[in-house]
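**Student:** Got a structure for you, written out below as structure tokens; questions coming shortly.
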Amino acid sequence: MNEFIGSMNITAKGCNLYYGDFHALKDINIEIPEKQVTALIGPSGCGKSTFLKIFNRMNDLVEGCRIEGEYHIGGIDIFDKETDVNILRKNVGMVFQKPNPFPMSIYDNIAFAPRTFGITKKSKLDEIVEQSLRRASIWDEVKDRLRKNALGMSGGQQQRLCIARSLAASPKVLLMDEPTSALDPISTGKIEELMEELKKDLTIVIVTHNMQQATRIADKTAFFLLGELVEYGNTDDIFTSPRDERTERYITGRFG
Amino acid sequence: MRKIYYALKYVCIAALVISLVALLAVVAYVLINGLDKLSFHLVFGEYDPNMPTLLPALVGTLQLIGVAAIIAIPIGVASAIFLVEYTNNKGKFVKIVQVAAETLAGIPSIVYGLFGYLIFVVAFGWGYSIIGGGITLAIMILPTIVRSTQESLLSVQGGLREGAYALGTSKVRTIFRIVLPSAAGGIVTAIILAIGRVVSESAVLILTIGMVVNKVPETLMSPGTSLALDIYYFASHGYPNEAAATAVVLLVFVILLNLLAGWIGNMIKKSTYGDAK
Ligand SMILES: Nc1ncnc2c1ncn2[C@@H]1O[C@H](COP(=O)(O)OP(=O)(O)OP(=O)(O)O)[C@@H](O)[C@H]1O
Ligand SMILES: [Mg+2]
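Those protein sequences? They're chains A and B, same order as listed. Just so you know, the numbering used here puts the end of the first sequence at 261, numbered straight through with nothing missing. Just so you know, the numbering used here puts the end of the second sequence at 281, numbered straight through with nothing missing.
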């Protein structure tokens, strides 16, 4: 089974994460709804990236990282012995802060994941490549240079290429860790519009340091502080009438 | 103060000139003394007692490169992959290997020669043989290949590995499709430099392949000679000009090797970057 099916709600129950002796995430419980954008905000070092990386198990690669708790995506226990981590990652895509295109052609970048999962027919690959690039709204910019090296693109284009590369694996969830923090406002705008489109089919979780960005794109917002989930709710509520005083201080820029 | 700076500049220029002159002097000396003896016959002709030729050395050198490369490249590259990709380049085991590799790389080559002599010539009873010399050279260049391959692998940006894993790519596919192609340029350069050491080595070979200059080796078990050994042989047997001519051939050999390195490096880049089509 290569595909996750059904609803793509994400749940974390009793989440505790340790890097060696360091208690990085403390007793977090959250339910992230499908086909919406959820923003994770909070000061630097509070554990947003750490939390995000649980859901595609990228923390498995970190030595000395220990995770407690129960995590489900669409009803699938992601740490279950039966769950193949590569299938999980195929279904839960990730976009990193720094664009990381592979040093190969634009086409080969996008075709990478489909090829990994056994698609070799050229017509099928062509179709996936075009469709993924269109969904990441970069098709028009690159359609004449698909065989060119992806490293020759601008930073904003590279980031949208990386989004397209994730989409080519046909994920059900997209995790984005500060995807626009290295980009100019125009590229940022493009990526925000794109997320509006993508959330029709995908559950999106995005880490951002930019409050305006959170208010523009996120349906739900979670505020983290020192490894704790302080407050979680509808973005409007969080930003207009936060229940916790620490949330209020943070969003009004008075600490962090 | 200003004057000191100026003086410093001229001291540096003088130092540069001295090193360039020394280098050019070596090349010029070799060319002047050797060019006149350099002929098609000297390089490729049949050997006769009055007129030495390099054919046995050319064949021997290529065979030594072949044997050393076939053994050292796969083992060296695979070890480096294991150390960097499978142990995270950390831990006690890696430390030990690291120290061992550094120590081995620092041992004078005559010691490797002695080892090869005692093992292959004496203990195995092979006598002097190309294969014994080739294996000894492989052992000698192995630490260098491991070290520089490690460096090349470590210099591949972590983001690329993460990016591949995040797409559900297995470790093996990540290594072969992402990490190795990105590191290939550095690895190839390292290998070619190591082969350069094979070409220029003489101490090891005196003790292992026997310096038989007048006969093309029939099999890898035969004794033989190499270009570097021939220089020694000619110079010590009263043929200084033939020695210089051999040096010219060796120089050309090394230059060709470097050009080859550049060419292969470019080919790899092209195929990695997918710009060919
Ligand atoms: N691999 C690791 N080993 C040990 N500690 C780590 C590791 N990665 C992160 N940490 C620590 O865990 C805490 C949370 O880090 P994390 O990267 O999740 O923060 P963040 O909220 O994403 O910060 P930023 O906004 O700066 O990206 C920090 O104190 C950090 O130092
Ligand atoms: Mg972070």
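All residues carry an ideal CB built from backbone N, CA and C; glycine is no exception.
What is the DSSP secondary structure of S110 of chain A, counted as helix, strand or coil?
**Tutor:** Here residue 110 of chain A is taken as the residue at index 105 of the first sequence, counted from 1. Residue state, collapsed to three classes: strand.
**Student:** Rounded to whole angstroms, what's the CA-CA distance from V90 of chain A to D65 of chain A? Just pull it up for me.
**Tutor:** The sequence position of residue 90 of chain A within the first sequence is 85, counting from 1. The sequence position of residue 65 of chain A within the first sequence is 60, counting from 1. Taking the straight line from one Cα to the other gives about 9 Å.
**Student:** Let's see if you can read the secondary structure: which residues bound the beta strand (DSSP E) around G74 of chain A?
**Tutor:** Here the question's residue 74 of chain A lines up with position 69 in the first sequence. Segment C70 to I78, the beta strand (DSSP E) holding G74 of chain A.
**Student:** For the region 95-106 of chain B against the region 168-177 of chain B, do three or more pairs of beta-carbon atoms, one drawn from each stretch, fall closer than 8 Å, so that the two count as touching?
**Tutor:** No: fewer than three Cβ pairs fall under 8 Å.
**Student:** Among all the DSSP beta bridges, which residues are the ones paired with F44 of chain B?
**Tutor:** Your numbering for residue 44 of chain B matches position 40 in the second sequence. Partner(s): none; F44 of chain B has no beta bridge.
**Student:** Hey, is L87 of chain B's beta-carbon within less than 8 Å of any beta-carbon in chain A?
**Tutor:** Stepping through the second sequence from its first residue, residue 87 of chain B is reached at position 83. No - not a single Cβ of chain A is within 8 Å of the one on L87 of chain B.
**Student:** Going by DSSP, name the residue or residues bridged to F229 of chain A.
**Tutor:** For the purposes of this step, residue 229 of chain A is taken as residue 224 along the first sequence, with counting starting at 1. Its beta-bridge partners are A:L234.
**Student:** Spell out whether any CB of chain A is found under 8 Å from the CB atom of N270 of chain B.
**Tutor:** Taking the first residue of the second sequence as position 1, residue 270 of chain B is located at position 266. With respect to chain A, the C-beta atom of N270 of chain B has no partner C-beta closer than 8 Å.
**Student:** My output table needs one value for A280 of chain B: the three-state DSSP class, helix, strand or coil.
**Tutor:** As a first step, residue 280 of chain B must be located in the second sequence, where it is residue number 276. Note that A280 of chain B scores 37 on pLDDT, short of 50, meaning its location in the model is unreliable and no value can be drawn from it.
**Student:** What would DSSP say about I211 of chain A, mapped onto helix, strand or coil?
**Tutor:** Sequence index remark: in the first sequence, residue 211 of chain A carries index 206 (1-based). Strand at I211 of chain A.
**Student:** In whole angstroms, what is the alpha-carbon distance linking L180 of chain A and M144 of chain B?
**Tutor:** Numbered from its first residue, the first sequence carries residue 180 of chain A at position 175. Numbered from its first residue, the second sequence carries residue 144 of chain B at position 140. Going from the Cα of L180 of chain A to the Cα of M144 of chain B covers about 49 Å.
**Student:** Output the distance between the C-alpha atoms of A155 of chain A and A168 of chain B, rounded to the nearest integer angstrom.
**Tutor:** Taking the first sequence and counting its residues from 1, the one referred to as residue 155 of chain A is at position 150. Taking the second sequence and counting its residues from 1, the one referred to as residue 168 of chain B is at position 164. The straight-line gap separating the alpha-carbon atoms of A155 of chain A and A168 of chain B is approximately 15 Å.
**Student:** With respect to 7 Å, is the separation between the Cβ of K18 of chain A and the closest non-hydrogen atom of ligand 4 below this value?
**Tutor:** The ligand content of the structure shown is limited to ligand 1 and ligand 2, which means ligand 4 is not among them.
**Student:** If the criterion is Cβ atoms closer than 8 Å, does the pair S206 of chain B and Y236 of chain B meet it?
**Tutor:** On the second sequence, position 202 is the one that residue 206 of chain B refers to. On the second sequence, position 232 is the one that residue 236 of chain B refers to. Cβ atoms of S206 of chain B and Y236 of chain B: closer than 8 Å.
**Student:** With DSSP as the reference, label Y51 of chain B as helix, strand or coil.
**Tutor:** Within the second sequence, residue 51 of chain B is the residue found at index 47, counting from 1. In this structure, Y51 of chain B counts as coil in the three-state DSSP scheme.
**Student:** For T121 of chain A, which residues in chain B fall below 7 Å Cβ to Cβ?
**Tutor:** In the first sequence, counting from the first residue as 1, residue 121 of chain A sits at position 116. In chain order: L171, G172, T173 and R177.
**Student:** Are three or more beta carbon pairs between the region 158-175 of chain A and the region 133-144 of chain A nearer than 8 Å?
**Tutor:** yes
**Student:** For I78 of chain A, tell me which candidate among A:D189, A:P247 and A:I37 has the shortest Cα-Cα distance.
**Tutor:** Numbered from its first residue, the first sequence carries residue 78 of chain A at position 73. Just measuring C-alpha positions, the residue of A:D189, A:P247 and A:I37 sitting nearest I78 of chain A is A:I37.
**Student:** Starting from the beta carbon of M99 of chain A, find every residue of chain B whose beta carbon is closer than 7 Å, and list them in chain order.
**Tutor:** Here the question's residue 99 of chain A lines up with position 94 in the first sequence. In chain order: A170.
**Student:** When you compare each of A:K153, A:E39, A:Y24 and A:Y76 to G52 of chain A by their alpha carbons, which one comes out closest?
**Tutor:** Numbered from 1 along the first sequence, position 47 holds the residue referred to as residue 52 of chain A. If we check each option's Cα against that of G52 of chain A, A:Y24 comes out closest.
**Student:** Say the cut is 7 Å; is the CB of S192 of chain A nearer than that to a heavy atom of ligand 2?
**Tutor:** For the purposes of this step, residue 192 of chain A is identified with residue 187 of the first sequence, where counting begins at 1. The answer is no for S192 of chain A.
**Student:** Would you check whether ligand 1 has a heavy atom nearer than 7 Å to the C-beta of T220 of chain A?
**Tutor:** Numbered from 1 along the first sequence, position 215 holds the residue referred to as residue 220 of chain A. Every heavy atom of ligand 1 is 7 Å or more from the Cβ of T220 of chain A, so no.
**Student:** So, do the region 31-46 of chain A and the region 225-232 of chain A have three or more beta carbon pairs nearer to each other than 8 Å?
**Tutor:** yes
**Student:** Using a strict less-than 5 Å threshold between each residue's beta carbon and the heavy atoms of ligand 1, what residues do you get?
**Tutor:** A:Y24, A:A29, A:S49, A:G50, A:C51, A:G52, A:K53, A:S54, A:T55 and A:V67
**Student:** From this set, B:I213, B:L46, B:I199 and B:I134, which residue's C-alpha is nearest L260 of chain B's C-alpha?
**Tutor:** Along the second sequence, read from residue 1 onward, the residue named residue 260 of chain B stands at position 256. It is B:I199.
**Student:** Would you say K281 of chain B lies against chain A (beta-carbon separation less than 8 Å)?
**Tutor:** For the purposes of this step, residue 281 of chain B is taken as residue 277 along the second sequence, with counting starting at 1. Because K281 of chain B sits at a pLDDT of 34, beneath the cut-off of 50, its placement in the model cannot be relied upon, and the point is left open.
**Student:** Return the residues of the region 147-161 of chain B that lie within a Cβ-Cβ distance of less than 8 Å from chain A, sorted by chain order.
**Tutor:** Q161
**Student:** With DSSP as the reference, label N91 of chain A as helix, strand or coil.
**Tutor:** The residue labelled residue 91 of chain A in the question sits at position 86 within the first sequence. In the structure shown, N91 of chain A sits in a helix (DSSP, three-state: H, G or I).
**Student:** Flag this pair as touching only if the region 53-72 of chain A and the region 209-221 of chain A have three or more C-beta atom pairs under 8 Å; answer yes or no.
**Tutor:** yes
**Student:** Count Cβ pairs between the region 239-253 of chain B and the region 21-37 of chain B that sit closer than 8 Å; are there 3 or more?
**Tutor:** yes
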